[in-house]
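Have a look at the structure below before the remarks.
Here it is, written out as structure tokens:
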């Protein structure tokens, strides 16, 4: 539908009524081209602010014909990538960081179990391969970590890419699954599956609490039904990063109404962690690692 009042699509930003940051997008009246009152609009700081005030009544000017897109068929990597990249761990920054806290056998086992590789695209970079429950290799996220801290390299830019880009596979259609999803193949539905946002956090928690199956979304926005569908029969505990509890918890409520069994943990909300802190930050702060 074509509405009379729409969010301004230009690059103009105004001061948000809630957080006072210049990140506020105002509503426009399409009939006269003017802005609505200064309190109507949306703050772009979705996680940190979340202010969104819509017009009370929005007139429909016209109806648009909906052209439903044809679903794209995902591309799968050849399994040979696992043999080529799931090695050379002595050069893997994340692998060497984990050796500070766990023995060689433990770290090697978890890297093999989760199909984690090494890539020279950036020095010492880690590849988190995504394999689904049909054992199809959907993608490989490439990330560079700092060896002595275990933190991601974010300067001068975030060192995150994908194997299909590294290999210059231009027509590759990426359709993600949860990281570690293939590990539920050997789990019965009475098992508890734990979900984090970070892949690194999932493997560290797997080392510390191996009685649970740990998976990762890879991003806060990937906590969604299309990726969680293979887990519908399982008991799930979701561990959102600090400040993301409300968002994930609301999604859990919606999913539970659809037959899922998800408990969203607010453990991190009461902890003295920075915004975006996760379970690994918690165990480090408590000196459990």
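Residue numbers (our numbering): 466 to 754. C-beta atoms are modelled at their ideal positions from N, C-alpha and C, and glycine is treated no differently.
query, result
"Can you tell me whether residue 659 is helix, strand or coil according to DSSP?", "strand"
"If we ignore side chains and look at the alpha-carbon of each, how far apart do residue 726 and residue 678 end up?", "15 Å"
"Anyone know if the C-beta pair for residue 642 and residue 595 falls short of 8 Å?", "yes"
"Three-state secondary structure (DSSP) at residue 701?", "strand"
"Under 8 Å: do the region 615-628 and the region 567-577 share three or more Cβ pairs, one atom per stretch?", "no"
"Enumerate, from N- to C-terminal direction, the unbroken alpha helix (DSSP H) stretches of 4 or more residues contained entirely within the region 633-696.", "664-673, 690-693"
"Just grab the DSSP bridge partners of residue 596 for me.", "602"
"Quick check: the Cα distance between residue 482 and residue 504, rounded to an integer number of angstroms?", "6 Å"
"Just reading off the beta strand (DSSP E) that residue 706 is part of, what are its end residues?", "Neither: residue 706 is in no beta strand (DSSP E) and is coded neither H nor E."
"Use the C-beta contact count for residue 614: other C-beta atoms within 10 angstroms, 16 or more gives buried, fewer gives exposed.", "exposed"
"Can you tell me which of 633, 488, 598 puts its alpha carbon nearest to the alpha carbon of residue 476?", "488"
"Entirely within the region 477-551 and at least 4 residues each: give me those alpha helix (DSSP H) ranges in chain order.", "545-550"
"Output yes or no for whether 8 Å exceeds the beta carbon distance between residue 666 and residue 699.", "no"
"Measure the CB-CB distance between residue 611 and residue 660 and report whether it falls below 8 Å.", "no"
"With 16 other CB atoms within 10 Å as the buried threshold, where does residue 681 fall?", "buried"
"Report the CB separation of residue 607 from residue 618 in whole angstroms; it is logged as a contact under 8 Å.", "11 Å between Cβ atoms; not a contact."
"Of the choices 690, 543, 605, 492, whose alpha-carbon is the least far from that of residue 586?", "605"
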